[in-house]
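Here is the structure we will look at.
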Amino acid sequence: MSVSVMKVGGSCLTDIDSLGQLDKISKIWPFNVIVVSAFKGVTDALYGAYYSLHRSEYVEALIRRYSKELSKRNLETEDFIFNRILSLMRFSGVGDFTKKVDECNIDFYVSLGEQISGAVCTIYLEDHYDAIYMDSIETGILIRRVDDVNKIDLDRSIQLRNEKLEEYLGKKTIITTGFYGLDEFGKVAIAGRNSSDYVASVLAVKFGADKLILFKDVDGIYRTDPRLISSISPIGEMDYEEATKYSIKGGIIHPDAVRICGENNVIIHVMGYHSLKVGTIVRPFVNGKTKLYFPETA
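According to the UniProt record's numbering, the sequence shown is numbered sequentially starting from 1.
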């Protein structure tokens, strides 16, 4: 069974209600890998909160907020869901959480946004889908320092095996995180700001995915800002070279994601998270034609 890797951007994940689209996506594309970013605004807030005297209290309040919202949707209590989120984040309890968060470095701290998002999305989906949570460390994302910049070590990340992951691949919906991995010292390290596309592209290569689907808050890549011209349509398709030019200008896709997909012939589909419309396809051109992979229900 071929596996698709999908990434949902943080600007799409605004609150618990926004996860309804994730439910639709899991129904249309079951048993795939979904990479989630932190909820909108959380990463910036964590960067600010790290230097406060209440860093663990801030994160705990964040988790309790999502626990309260989730408890309204199922039969479990807020406290039960709170402890379930901590467990999925690999904390043994509130005491363990407080100690580790108060003593952690900034990379670990800001990665908590993705970890919370991954745990919350898993709890949201697991009642209706066979969903499990494995963060980007468990999926094998390894970080190395190159010219004072953190980069994903593609070769080592691909080679690192996880029997549990391989057992579930194509049989369960795997919720994982973007943004971070492990460095050469075994510590959490981020792959740079807005790097969840980057992580997703590495996983697409690692899992031999036939495509990488990037869900965004717009329907594709545009030649100009769609907020300025409401009638404009996204570019239907482009090659990796053109996509790279757009990404360098601050476009929709992370430049390293385009590079990795281009080097490994992984087709990229950019879709609107809310519309689920076919947006932009990034691929190598073959006789000017491409194959569409989207189900008719999308």
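Glycine included, each C-beta is placed from N, C-alpha and C at the ideal position.
Note that the structure is a prediction, hence the values are computed from the model and not measured.
Gly272 and Lys72 have their C-alpha atoms roughly 28 Å apart. One thing to note: Val35 has its Cβ within 8 Å of the Cβ of Met6.
With a cut-off of 8 Å on Cβ pairs, the region 185–192 is in contact with the region 148–155, counting three or more such pairs.
Asn83 carries a helical assignment under DSSP once its states are collapsed to helix, strand and coil. Residue burial is scored here from C-beta neighbours: Leu62 has at least 16 other C-beta atoms within 10 angstroms and is therefore classed as buried. Under the DSSP assignment, Arg144 falls in the beta strand (DSSP E) whose first and last residues are 143–146.
Between Tyr133 and Leu88 a beta carbon distance of about 5 Å is seen, short of the 8 Å cut, so the two are scored as contacting. In this structure, the beta-carbon distance from Ile123 to Gly181 does not fall below 8 Å. Using a Cβ-Cβ distance cut-off of 8 Å, the region 14–26 and the region 162–169 are not in contact, since fewer than three pairs of beta carbons, one from each stretch, lie closer than that value.
Here Thr14 is exposed: its Cβ has fewer than 16 other Cβ atoms, across all protein chains shown, within 10 Å. Val278 carries a strand assignment under DSSP once its states are collapsed to helix, strand and coil.
In this structure, DSSP gives Phe39 a state outside helix and strand, which the three-state scheme calls coil.
Beta-bridge analysis with DSSP links Phe215 to Val8, Met271. According to the DSSP secondary-structure assignment, Glu237 is paired through a beta bridge with Ile281.
Counting of Cβ neighbours within 10 angstroms places Ser52 among the exposed residues, the total staying below 16.
Contact holds between the region 215–224 and the region 234–243, because three or more Cβ pairs, one in each stretch, are under 8 Å apart. The residue from Tyr240, Glu184, His254, Ala204 with its alpha-carbon nearest to that of Lys216 is His254. Glu114 is not a Cβ neighbour of Ala200, given a cutoff of 8 Å. Closest by C-alpha distance to Met238, out of Val282, Gly208, Val270, is Val282. Looking at the backbone, the Cα of Ser4 and that of Val278 are separated by about 16 Å. For the pair Lys172 and Ala131, the CB atoms are nearer than the 8 Å cut-off. Under DSSP, Gly48 forms no beta bridge with any residue. Contact between Gly262 and Tyr240 holds: their C-beta atoms lie close to 3 Å from each other, under 8 Å. Secondary-structure assignment with DSSP links Ile106 through no beta bridge to anything.
Note that the C-beta distance between Val270 and Leu214 is below 8 Å. Secondary structure note for Leu182: its beta strand (DSSP E) is the uninterrupted segment 180–182. By the 16-neighbour rule on beta-carbons within 10 angstroms, Asp256 is buried. The beta carbon of Ile106 sits closer than 6 Å to those of Tyr50, all from its chain and outside the five residues before and after it, given in chain order. CA-CA distance, Thr244 to Leu125, rounds to 34 Å.
Exposure of Ile248 is indicated by the presence of fewer than 16 other C-beta atoms within 10 angstroms of its C-beta.
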